[in-house]
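Protein chains in written order, with the numbering used here: chain A, 1 to 87; chain B, 1001 to 1160.
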C-alpha cells in the first residue's frame, strides 16, 4: 500500500458514484413532479375560490404554491452543488 | 462499413438533436413550477381587483321594464357590475338577487312553480330570501335592495 492518496480512482468506484448520482437525480425528479402536482391542486382550489367569491383562500394557496416552487428550486440547486463538488 | 455519402450533407443526428437530458428535463419541471406559482399570483391579483370593485359604492338605478313584468316571470339587469335577476313574485312583491351562483358563478334561473332559484350547473337551489335550500352553494345569493319610485322600480343597494 502506498503512503500518499491515490490519484487514480478505480473504475468500480466511479461506476458506484455514477449510480448514486443517477438515483439522486431520479429521486429529485419524482419529488419535483409531486410538488408540481400539489401546486396544480392549489391552483384548482384558488380558481374555484375566486369563481365562488371566496377570496380569503387565494393568498394561502399562493403562499403554498410559492413554498412548493422554492422547494423545487432548492432540490435542483442541491443536485447541482453536489455534482459540482464531486467534479 | 463506411457511412453513406448523403451523411456528409446531413451531419446532425436527428435522434441526438432531440435528446433531452435528465438535467434539462428537471430544469423544465422547475419552469412549470414557476408558471404554476405565477398563475396563483395572478389569481391573488384578480381577487384584489374584485375586492376593490366591491368597495366602490353602487349608484342606484331604475330597472327598465320592471313594472311591466308579468307575475311569475323574471328579467336580468345589470347592477353593481354584475348581472342580477329580478323576479315578480306576485302582483305587489318583487325580489332581486345577484344572478351568479355562490358555488362556481353559473347564472341562476327562476322556477315559478316552486318559487325557487335554481342553478343548473350543479343543482343548487335557493329560496326567495336567497338562502341555500339544497346543493353545493356555500353562501346565500346577494340580495338587491329595491325601492319603488312612482311607476319605476329602482335598485338601490347590493348586499354582498
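Virtual Cβ for every residue (Gly too), placed ideally from N, Cα, C.
Find the nearest neighbour of residue 1150/B within the set 1063/B, 1016/B and 1038/B, judged by alpha-carbon distance. Locating residue 1150/B in the second chain gives position 150, where the first residue counts as 1. It is 1063/B whose Cα lies nearest to the Cα of residue 1150/B.
Please list, in chain order, the residues of the stretch 1088-1110 of chain B that have any C-beta partner in chain A closer than 7 Å. Those would be 1102, 1103, 1104 and 1105, in chain order.
Look at the alpha carbon of residue 72/A and the alpha carbon of residue 60/A, and state the distance between them as a whole number of angstroms. Translated into positions along the first chain, residue 72/A becomes position 72. Translated into positions along the first chain, residue 60/A becomes position 60. Distance between residue 72/A and residue 60/A, taken at the CA atoms: about 18 Å.
Member of 1061/B, 1073/B, 1034/B and 1054/B whose CA lies at the smallest distance from the CA of residue 1152/B: In the second chain, residue 1152/B corresponds to position 152, counting from 1. Among 1061/B, 1073/B, 1034/B and 1054/B, the Cα nearest to that of residue 1152/B is on 1061/B.
Classify residue 1004/B: buried if its beta carbon has 16 or more other beta carbons within 10 angstroms, exposed otherwise. As a first step, residue 1004/B is located in the second chain; it is residue number 4 there, counting from the start. Looking at its Cβ environment, which holds fewer than 16 other Cβ atoms inside 10 Å, residue 1004/B is exposed.
Whole-Å CB distance - residue 1133/B paired with residue 1116/B, under 8 Å assumed: Locating residue 1133/B in the second chain gives position 133, where the first residue counts as 1. Locating residue 1116/B in the second chain gives position 116, where the first residue counts as 1. About 7 Å separates the beta carbon of residue 1133/B from that of residue 1116/B, a gap short enough to meet the 8 Å contact definition.
Looking at the ligand SAH, does it come within less than 7 Å of residue 1150/B, judged from the CB to the closest heavy atom? This structure simply doesn't include the ligand SAH, nor any ligand for that matter.
Select from the stretch 50-84 of chain A all residues with a C-beta closer than 7 Å to any C-beta belonging to chain B, and list them in chain order. Hits within the stretch, in order: 50, 51, 52, 53, 55, 58, 59, 61, 62, 65, 66, 68, 69, 72, 73 and 76.
Residues near residue 43/A in its chain [Cβ-Cβ closer than 8 Å; skip 5 each side]: Within the first chain, residue 43/A is the residue found at index 43, counting from 1. Cβ neighbours of residue 43/A beyond the five flanking positions: 61 and 65.
Under 8 Å between C-beta atoms, does residue 1079/B make it to chain A? The residue you call residue 1079/B lines up with position 79 of the second chain. Answer no: the Cβ-Cβ gap between residue 1079/B and chain A never drops below 8 Å.
Among the residues of its own chain, which have a CB less than 7 Å from the CB of residue 1075/B, if the five just before and after it don't count? Within the second chain, the letter at position 75 stands for residue 1075/B. By the criterion of a C-beta distance shorter than 7 Å, residue 1075/B is surrounded in its chain by 1065, 1069 and 1086, once the five residues flanking it on both sides are discounted.
Exposed or buried, which one is residue 1138/B when buried takes at least 16 other CB atoms within 10 Å? Walking along the second chain from the start, residue 1138/B turns up at place 138. With fewer than 16 Cβ atoms within 10 Å of its Cβ, residue 1138/B is classed as exposed.
Residue 17/A CB to nearest chain B CB: under 8 Å? In the first chain, the residue the question calls residue 17/A occupies position 17. So, not an interface residue.
Buried or exposed (CB count within 10 angstroms, at least 16 for buried), residue 1088/B: Start at 1 with the first residue of the second chain, and residue 1088/B comes out as number 88. Buried: at least 16 other Cβ atoms inside 10 Å.
Member of 1048/B, 1118/B and 1083/B whose CA lies at the smallest distance from the CA of residue 57/A: In the first chain, the residue the question calls residue 57/A occupies position 57. Closest option to residue 57/A, Cα to Cα, is 1048/B.
Determine the direct distance from the alpha carbon of residue 22/A to that of residue 84/A, and round the result to whole angstroms. Locating residue 84/A in the first chain gives position 84, where the first residue counts as 1. Locating residue 22/A in the first chain gives position 22, where the first residue counts as 1. When the Cα atoms are used, residue 84/A and residue 22/A turn out to be separated by approximately 14 Å.
As a quick exercise: from 1091/B, 1071/B, 1136/B and 1108/B, pick the residue whose alpha carbon is nearest that of residue 1082/B. Here the question's residue 1082/B lines up with position 82 in the second chain. The shortest Cα separation from residue 1082/B among 1091/B, 1071/B, 1136/B and 1108/B belongs to 1108/B.
Between the Cα of residue 1022/B and the Cα atoms of 32/A, 49/A and 15/A, which residue gives the shortest distance? For the purposes of this step, residue 1022/B is taken as residue 22 along the second chain, with counting starting at 1. Considering only alpha carbons, the answer is 32/A.
With burial defined as no fewer than 16 other Cβ atoms inside 10 Å of the residue's Cβ, what is the status of residue 49/A: buried or exposed? As a working mapping, residue 49/A is identified with position 49 in the first chain. The residue is buried, with at least 16 neighbouring Cβ atoms inside 10 Å.
Tell me which same chain residues have a C-beta within less than 8 Å of the C-beta of residue 4/A, skipping the five on either side of it? Within the first chain, numbered from 1, the residue matching residue 4/A stands at position 4. Residue confidence for residue 4/A is low, a pLDDT of 49 falling below 50, so the modelled location carries little weight and cannot support an answer.
Neighbouring residues, chain A, relative to residue 1143/B (Cβ below 8 Å): Counting from one through the second chain, the residue named residue 1143/B turns up at place 143. Under the 8 Å cutoff, chain A gives no residues; its nearest Cβ is about 14 Å from residue 1143/B.
Which of the residues in the stretch 1037-1060 of chain B, read from start to end, lie with their CB under 7 Å from any CB of chain A? Taken in chain order, the members of the stretch 1037-1060 of chain B whose beta-carbon sits within less than 7 Å of a beta-carbon on chain A are 1037, 1039, 1040, 1041, 1043, 1044, 1046, 1047, 1050 and 1051.
Do the CB positions of residue 39/A and residue 1033/B come within less than 8 Å of each other? For the purposes of this step, residue 39/A is taken as the residue at position 39 of the first chain. For the purposes of this step, residue 1033/B is taken as the residue at position 33 of the second chain. Judged by beta-carbon spacing, residue 1033/B lies within the 8 Å limit of residue 39/A, meaning their Cβ atoms are closer than that value.
Note down, in chain order, each residue of its chain lying with its Cβ closer than 8 Å to the Cβ of residue 1103/B, except the 5 sequence neighbours on either side. Residue mapping note: residue 1103/B aligns to position 103 of the second chain, counting from 1. Once the five neighbours on either side are set aside, the close Cβ partners of residue 1103/B are 1119, 1121, 1122, 1124, 1135, 1136, 1137 and 1138.
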